[in-house]
Every structure is written in structure tokens, then in C-alpha cells.
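**Student:**
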Amino acid sequence: DQVGVFARSIEDAALVAEQMMAYDDRDPDTRPRARFALQKTAAEEPPVSPRLAFVRTPAWDHADDDTKDAFTELVAHLGENAGEFELPDMFQEAVSLHRTIMEADLARSFEQEYARGKKRLSPILREMIERGQKVLAVEYNRALGQIPVFHQALDKVFEWHDAIITPATTGQAPVGLESTGSPVFCTLWTLCGMPAITLPLMQGSHGMPMGVQLVGAKGDDARLLRTARWLVNFSGDPRPSRKKTRSRKRDKH
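Numbered continuously in the numbering used here, the sequence shown closes out at residue 317.
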């Protein structure tokens, strides 16, 4: 998984993320390095209008009709600022590779808790740990080895695009707090350690938000935030409905 923040604005997200990414001499997992200029870059105007790569990902068949229709309209609305990019077939196994790594890591990290009181763990967590205990070293190493292969293929996207645009989940936000929805549209980017931000730019047919996910190149968090701010300004409304999206005029920026 990746560490992230919830914020009311892109500027606030940049503020919090910049502090979290900074070096802390009391934290042995951080490294001395130049401070990320997330706030400064996020507030800047892009030197040219960003170009976005619309990537359906192998999870596209999981998206409901609301999501598919909304993104078709959004990409059309973006016009020359967006183009579709099809990922190679090898990305079909990204979800299963992520599951292999995640569950094997869970089994290792929760080894003591499982041994002392597995019955007190939630059924879902217990099942994931038990599957992780069965992962062979060769399977785990193969899954890890595929990550740089994915990166090499994704680098081609960013040769001509500033960010990837794709759904954040399979449909509009569910009512209530029991679930945040399926993470299947986030799994590939989590596996590859790439920065991503979700913007509630649209509404579904039931009036709940629909997330637009922007994904940046690995390590390029600052430009991703700047591109996200541009997209919000381009849309003209932090949460337009699908019907409004089609009729909005392009922002001068």
C-alpha cells in the first residue's frame, strides 16, 4: 500500500504531503535529501497546457455504465489535452501480482499477532495472512521483479503526457461509511509506487461523487499536483455533474 492524505484542496494535500515526505532524523526510514517543493510547484501555472493519457487499465470491465459514460464525456471535453493510451497485455496480471506481494508481506508483518491470537483478527485479515503464508519465495520474487518491467512500459506514457487520467473506482461513491468502493483501479499504481490523486470532479446518476484519478510518473509528485490543479481550473467547478461537463468551455490556461 502507499501512504496518502485526505484534504479539502490540492493546496492542502501538497502542504501535508510535503511534511510527510521530508527528512526526519528521528525516523530511520527517511533519508537526507532536498526537500520536495510540492506546495510551490502545485501553486504554479504549467508552462504549457498539460496533456493527459486516458488509460482504461485492465480493470475497465469492472467499471459501471455511469463511470464509462462519464469518462467518455470527460475525455471528449478535454479535447486536444487528452488522448487514449492502451497498455500492453502484460498489465493484465498486475492485480494478481500485487495480491501476491501484499499478502506475503502481511503474513510476515503480522506473524506474531497471528501466532498469539489469530481468532481475534478480522476474518478478512486472517484469510489474507493465511494465503500469504502459502506464497512461495519464487512467486514473491517474480512478482517483485515484474515491477521494473511495468515501469519501463509506463515510461513511454510519460514521454508525451504529463499524467494519466483514469477512474478512481468502479462507480460513484457508495452511500454510508461501510466501504470506500473497489480499489481495483488503484492497484496498478500502488504496485508500481507511482503518485496518484483523486479529484471529485463529477457526479453519478444517484448524485454521489465520481472520482477522477490522475497518476504521475514515479517521483514526480510535484508536477502531478500542478496538473491536478490545472484540471480543476479547466473543469471550472470542483464537482460538476456529468451533464455539465460536456457543456463547459475550455479555460484559457
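Backbone N, C-alpha and C fix where the C-beta goes; we use that ideal spot for every residue, glycine too.
Do Lys220 and Met258 have their CB atoms nearer than 7 Å?
**Tutor:** Translated into the one-based positions of the sequence shown, residue 220 becomes position 156. Translated into the one-based positions of the sequence shown, residue 258 becomes position 194. Contact flag unset, no.
**Student:** Could you tell me whether the stretch 99-108 touches the stretch 135-142, using the rule of 3 or more Cβ pairs below 8 Å?
**Tutor:** no
**Student:** Identify the residues that DSSP records as bridge partners of Thr230: which are they?
**Tutor:** Locating residue 230 in the sequence shown gives position 166, where the first residue counts as 1. Gln277, per the DSSP bridge assignment.
**Student:** In or out: Asp93 buried (at least 16 other Cβ within 10 Å) or exposed?
**Tutor:** Position 29 of the sequence shown holds residue 93. Exposed: under 16 other Cβ atoms inside 10 Å.
**Student:** Between which two residues does the alpha helix (DSSP H) containing Phe118 stretch?
**Tutor:** Along the sequence shown, one-based indexing puts residue 118 at 54. Segment 116-118 is the beta strand (DSSP E) holding Phe118; no alpha helix (DSSP H) there.
**Student:** Quick one: grab the DSSP three-state call for Met84.
**Tutor:** Position 20 of the sequence shown holds residue 84. Three-state result, Met84: helix.
**Student:** I'd like the list of long-range same chain contacts for Asp169, defined as Cβ closer than 8 Å, with 5 residues on each side in sequence excluded.
**Tutor:** The count along the sequence shown starts at 1 and reaches residue 169 at position 105. Answer for Asp169: Gly196, listed in chain order.
**Student:** Express the C-alpha separation of Ala78 and Asp285 in angstroms, rounding to a whole number.
**Tutor:** Taking the first residue of the sequence shown as position 1, residue 285 is located at position 221. Taking the first residue of the sequence shown as position 1, residue 78 is located at position 14. When rounded, the distance between both Cα atoms is 9 Å.
**Student:** Does the separation of the CB atoms of Ala127 and Thr251 fall below 7 Å?
**Tutor:** Position 63 of the sequence shown, counting from 1, holds the residue named residue 127. Position 187 of the sequence shown, counting from 1, holds the residue named residue 251. Taking 7 Å as the Cβ cut-off, Ala127 and Thr251 do not qualify as a contacting pair.
**Student:** Is DSSP giving Leu265 helix, strand or coil here?
**Tutor:** Position 201 of the sequence shown, counted from the first residue, corresponds to residue 265. Of the three classes helix, strand and coil, the one that applies to Leu265 here is strand, per DSSP.
**Student:** Using a 10 Å radius around the Cβ and a threshold of 16 neighbouring Cβ atoms, would you call Gln267 buried or exposed?
**Tutor:** What you label residue 267 is simply residue 203 of the sequence shown in a count that begins at 1. Burial call: buried.
**Student:** Between Thr262, Val69, Ile74, which lies nearest to Met85 when the distance is taken from Cα to Cα?
**Tutor:** Counting from 1 along the sequence shown, the entry for residue 85 is found at position 21. Looking at Thr262, Val69, Ile74, the one whose alpha-carbon comes closest to that of Met85 is Val69.
**Student:** Determine the direct distance from the alpha carbon of Glu177 to that of Ser246, and round the result to whole angstroms.
**Tutor:** Working through the sequence shown from its first residue, we reach residue 246 at position 182. Working through the sequence shown from its first residue, we reach residue 177 at position 113. One C-alpha to the other measures close to 27 Å.
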